[in-house]
Each structure stands twice: as structure tokens, then as C-alpha cells.
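4 protein chains.
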Amino acid sequence: MFMIDPLSRTAIYEQLVEQLETLILKGAVQQGEQLPSVRTLSIKLSVNPNTIQKAYNEMDSRGLIYSVPGKGCFVSMDAKERLIESTREKLPMLDSLLARLKLGRIPKLTVIEHVEMVYQGGVSV
Amino acid sequence: MFMIDPLSRTAIYEQLVEQLETLILKGAVQQGEQLPSVRTLSIKLSVNPNTIQKAYNEMDSRGLIYSVPGKGCFVSMDAKERLIESTREKLPMLDSLLARLKLGRIPKLTVIEHVEMVYQGGVSV
Amino acid sequence: MFMIDPLSRTAIYEQLVEQLETLILKGAVQQGEQLPSVRTLSIKLSVNPNTIQKAYNEMDSRGLIYSVPGKGCFVSMDAKERLIESTREKLPMLDSLLARLKLGRIPKLTVIEHVEMVYQGGVSV
Amino acid sequence: MFMIDPLSRTAIYEQLVEQLETLILKGAVQQGEQLPSVRTLSIKLSVNPNTIQKAYNEMDSRGLIYSVPGKGCFVSMDAKERLIESTREKLPMLDSLLARLKLGRIPKLTVIEHVEMVYQGGVSV
DNA sequence: GTGGTCTAGACCACG
DNA sequence: GTGGTCTAGACCACT
Numbered sequence: 066m067f068m069i070d071p072l073s074r075t076a077i078y079e080q081l082v083e084q085l086e087t088l089i090l091k092g093a094v095q096q097g098e099q100l101p102s103v104r105t106l107s108i109k110l111s112v113n114p115n116t117i118q119k120a121y122n123e124m125d126s127r128g129l130i131y132s133v134p135g136k137g138c139f140v141s142m143d144a145k146e147r148l149i150e151s152t153r154e155k156l157p158m159l160d161s162l163l164a165r166l167k168l169g170r171i172p173k174l175t176v177i178e179h180v181e182m183v184y185q186g187g188v189s190v
Numbered sequence: 066m067f068m069i070d071p072l073s074r075t076a077i078y079e080q081l082v083e084q085l086e087t088l089i090l091k092g093a094v095q096q097g098e099q100l101p102s103v104r105t106l107s108i109k110l111s112v113n114p115n116t117i118q119k120a121y122n123e124m125d126s127r128g129l130i131y132s133v134p135g136k137g138c139f140v141s142m143d144a145k146e147r148l149i150e151s152t153r154e155k156l157p158m159l160d161s162l163l164a165r166l167k168l169g170r171i172p173k174l175t176v177i178e179h180v181e182m183v184y185q186g187g188v189s190v
Numbered sequence: 066m067f068m069i070d071p072l073s074r075t076a077i078y079e080q081l082v083e084q085l086e087t088l089i090l091k092g093a094v095q096q097g098e099q100l101p102s103v104r105t106l107s108i109k110l111s112v113n114p115n116t117i118q119k120a121y122n123e124m125d126s127r128g129l130i131y132s133v134p135g136k137g138c139f140v141s142m143d144a145k146e147r148l149i150e151s152t153r154e155k156l157p158m159l160d161s162l163l164a165r166l167k168l169g170r171i172p173k174l175t176v177i178e179h180v181e182m183v184y185q186g187g188v189s190v
Numbered sequence: 066m067f068m069i070d071p072l073s074r075t076a077i078y079e080q081l082v083e084q085l086e087t088l089i090l091k092g093a094v095q096q097g098e099q100l101p102s103v104r105t106l107s108i109k110l111s112v113n114p115n116t117i118q119k120a121y122n123e124m125d126s127r128g129l130i131y132s133v134p135g136k137g138c139f140v141s142m143d144a145k146e147r148l149i150e151s152t153r154e155k156l157p158m159l160d161s162l163l164a165r166l167k168l169g170r171i172p173k174l175t176v177i178e179h180v181e182m183v184y185q186g187g188v189s190v
């Protein structure tokens, strides 16, 4: 369910957050669904429980999941909606990346091809 | 010449590297040209000299600049070429960003608009 | 009789204690009256029996209820009196809350309005 | 500057957050001011650095402070404003507390006296 | 069993 | 020096 690269420059807990976000967006994890417990996941991923906890906390504070002490962590009912709404904030990243590609002589056509490919249902991330 | 945002979450030395890259790509800094000395730049930007040094080291190790002991740092003669060549390595970033935008319900048309805008010379970064 | 919010950050057993306290103070539960059994209540509220037991234990140790083995739990004859007496212990909470409201620029008039409203029989909790 | 009660039921990091909030509201800590470093504070309070870090993180994510890796943590320029704006969210707590006091036979006059006392600049928290 | 907090101690990146 | 992350292991409260 989760794939962790301990050598990556991005923190483990951030990898978890990002992956859980895409799982929610893809519908692979339904709203209201219970997430794997901190301990279970920590063992499966051979990662310290504190690290899992930190990832869950982060998402909790963003309202994407909620945790009920003694019961478990659950996906918020409006998690997907929240994520969709916040996506527009990523457009500036697109702009700066495109500008860099343009300077690097990547032809517009190549970029458009990538857009088409991804949006034709092609690329999974 | 350089604009540093000390509050940004991206490290200062990375900001310097990125900006120098775009300056080279834009031709604002010519190949062979001498770069400001570490001390000069550290004072101008009120940034720790170590930080400047780190940025220069990073670019040196990538062959984009070279330092002549006792004289200073200079832009490599093939800096621009190297940068252009390495740009293709950034395409996977584009793919994953596009996939995220798609999941976040950003319409393809919106993305295309951004591509057009940037490639029509619109956006400067 | 009881309303439990399993998503609340306050523990379920504390919700039960607080509600039972106000029921006693309001006279909705008379002194000497028998309380629902742990099992009954746990089913009605779909809450773990241990949780109900914990709430009852808490109130027992405070002398608000007493349990007769084999018969059930009963409200102490002096429960209401005890609760009223212990209320003064809550005044420091009022002070610190007021201090925080003052720092947060809540006007005195607004606070007074709330006092009036509650004491005019307005607010039920 | 900070007072920690390790025996309190409220978590240490929450005690820190609350105290820092009141310090900001009182103006004892100015906006833009640098906070004590994680390590320094952890030694002064004989608390684990991670705990201090957690408190700082919490306030960072709420926009009350910002941290610059390698430099330190600083109070946000709009910290006080944010805190004042969020104070209204505490009014429901006032209502429920007042309702409990009323049930516990605390006379309205007594409550009003406390309000007057605090708002006449009396109580420091 | 669950989540939450805390300590101790380590390592990294940044300035 | 700074903040940030991670591990290991412990304890607590709640269900």
C-alpha cells in the first residue's frame, strides 16, 4: 500500500503524506475508511512508529484524517474535496517548471505531448 | 543580480544555484565570465560566506563553473550546453506534477493554457 | 438520556461523567435513583463496556454514585450537594478563561452579555 | 520566561504553546523577535529537545511563528493579530463553563465580580 | 489493541 | 551554532 524510499531526500513522513494523499484522490482509500494502525504500519514499512505518527499528525492537522485515541485513524469525510480544492495552489510550481523547461530548450510540442499522455489516462504515479 | 528570500523553505544556497542557472541559460551571464567573489556576494546579499561557497562548490562539482585559485570563479565555456542537456532529466518531475494536477481535477485546458502562456514568452521566473 | 460524540477529543468516559453530573444537578436524575447497568448502557450507546465502567468508577470514587454488587449503581443521596459544593473549585478556570478572552480583545460587554444570557435561563448545555 | 509543570495533565508541548501565545498577546514577546533555540530552551526547562521542537512545529503550522533552518525561530509579524482573531472561538467554552457554574449555584453576582476583577486589569495568568 | 507523549541519543543540512 | 528528522524504547490514557 505504501512505498518508502529511506534514501530519498524528502522526509519519510512526507513521503507517507504524499502517498496517502494520492491514494485518497485516486479513491484507493475511501473517505471514512480506517487507516492501518501506527504500529502495524511501522512494522510493515520497518519505520519507527514515531515517524508514522508524525505523518498521521500532519494530515490530522490539515483535516484530511482524524484520529480517535484508542480506536484508530480514519479518513475525513471531506478529505478528497479538500485535496482537490488545494490543488490550485500547485499551479505556480507548474509555471516555474515550465519556464525552466523552456529555457532548457525543451520544445513546446514535447511538453504538450506529456500533457496529453498524462491526461489520456496514461501515467500512474 | 541575485535575489534571495531568506524566509523561503528552499535553502539559500539552492536559490543561488537555481538563479545562476537561469542567468546562464538566459545569457545574462556569459560563459567564461567571472563571478562575484564569495566575500563580495556574501556582503551584498548579507548572507553567510559559507553559504555562497556551498553554492559555488555545488556548481563547480557539476562542471558549470570553475574556480581559479587566487583569481576567482568563472562560468564554464560549456555551461549553457550542459544545462540544456540536463534539462531532459527534469521531465519526470513534469509528469508527476501533471499526474497530481489531473488527480486534483485541474482541467487539461487549464494546463495547456499555462504551457501556452509560458512559451509565448509570458512568464519570467 | 446520554449523548456521546465519539469523535470529540474529550474522552467518552469523561463525556459520560460530565453529563451525569449535569443530569443530577438539573434533577433529571434523582438521588437514590438506579442508573442503567453497564451492559445496557454500553449497548444503547454502542460504547465499550469498559468505558462505561470507567465512568462509573470515576463517579464512585468521588462519592457521587455507589454500586451495590449484584443490584446495580445508584446515585448517592448527597450527590447533588457534593456537586454544588465542588463547583467553587471551577472558579479558577473561569478566571484564566476570562484573562485569555481579555487578552484576545473580547470586550467586557460581550462577556457580560454571555453571563446574562446563560443566567437568564437561556443556554442549556 | 516559561514555566513547565511536568505533572500536569496537559502535555508539555501544549503548555509551551499556550504560554507562548499569552506572551505574544501580552506583548512580552514582540513580533519578529527570535525565540530561544530548541536546545537552549530544552536545557533551561530540562525538557527533551524533541518536545520543544514539537511545540515550535505546532505554532509554525498555525502561522504564529516561522522557523528558518540554520538560523532560528521567529515570531510571525501577524502572530498577535491571528491570536486575537481566533479568540472568539473560545466563547463556547465560556458558555458551557457558565452553564456549569449556574447549575452549581454560583450566583450571577459572583461571576460578574470575577469578570470585573479580571477586566479591571487585576488577574495575571 | 489504539493513538499520544516523552526521553535519550544520533545524524543531517544549513548558516 | 541552528532547525529537522529519525530511531529505540518507554509510559500513559482510552477502548
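Protein chains in written order, with our numbering: chain A, 66 to 190; chain B, 66 to 190; chain C, 66 to 190; chain D, 66 to 190. Backbone N, C-alpha and C define an ideal beta-carbon position, used for all residues, glycine too.
Residue i vs residue j beta-carbon contact at 8 Å
i: Val133 of chain C; j: Ile89 of chain C; result: no
i: Lys155 of chain A; j: Arg165 of chain B; result: yes
i: Ser73 of chain D; j: Ser126 of chain A; result: no
Whole-Å CB distance - residue i paired with residue j, under 8 Å assumed
i: Phe67 of chain A; j: Leu110 of chain A; result: 6 Å
i: Tyr184 of chain B; j: Lys173 of chain A; result: 4 Å
i: Leu168 of chain B; j: Thr87 of chain A; result: 6 Å
i: Thr152 of chain B; j: Ile177 of chain A; result: Thr152 of chain B to Ile177 of chain A, Cβ: 16 Å. No contact.
i: Gly97 of chain D; j: Met158 of chain D; result: With 8 Å as the limit, Gly97 of chain D and Met158 of chain D do not qualify as a contact, their Cβ atoms being about 30 Å apart.
Coarse secondary structure for residue i, derived from DSSP in three states
i: Ile108 of chain D; result: helix
i: Val94 of chain D; result: coil
i: Gln80 of chain A; result: helix
i: Gln118 of chain C; result: helix
i: Ile69 of chain C; result: coil
i: Ser132 of chain D; result: strand
Contacting residues, own chain, Cβ-Cβ under 8 Å from residue i (five flanking each side not counted)
i: Ile69 of chain A; result: Ile77, Gln80, Leu81, Leu110, Val112
i: Gln84 of chain A; result: Phe67, Met68
i: Val94 of chain C; result: Leu85, Leu88, Leu100, Val140
i: Gly92 of chain A; result: Lys145
i: Tyr121 of chain B; result: Leu100, Val103, Ile130, Ser132, Cys138
i: Leu148 of chain D; result: Glu86, Ile89, Leu90, Leu129
Beta-carbon contacts of residue i that lie in its chain and below 7 Å, excluding the five residues immediately before and after
i: Met124 of chain D; result: Val82, Leu85, Ile130
i: Ile108 of chain A; result: none
i: Thr75 of chain C; result: none
i: Pro71 of chain A; result: Ile77
i: Ser180 of chain A; result: Note on residue identity: the sequence assigns Val, not Ser, to residue 180 of chain A. The answer is none, since no qualifying residue turns up.
Proximity test, residue i beta-carbon vs the ligand SAM heavy atom, cut-off 7 Å
i: Ile69 of chain C; result: Among the components modelled here there is no ligand, and therefore nothing to report on the ligand SAM.
Flag this pair as touching only if the segment 116–124 of chain B and the segment 99–107 of chain B have three or more C-beta atom pairs under 8 Å; answer yes or no.
-> yes
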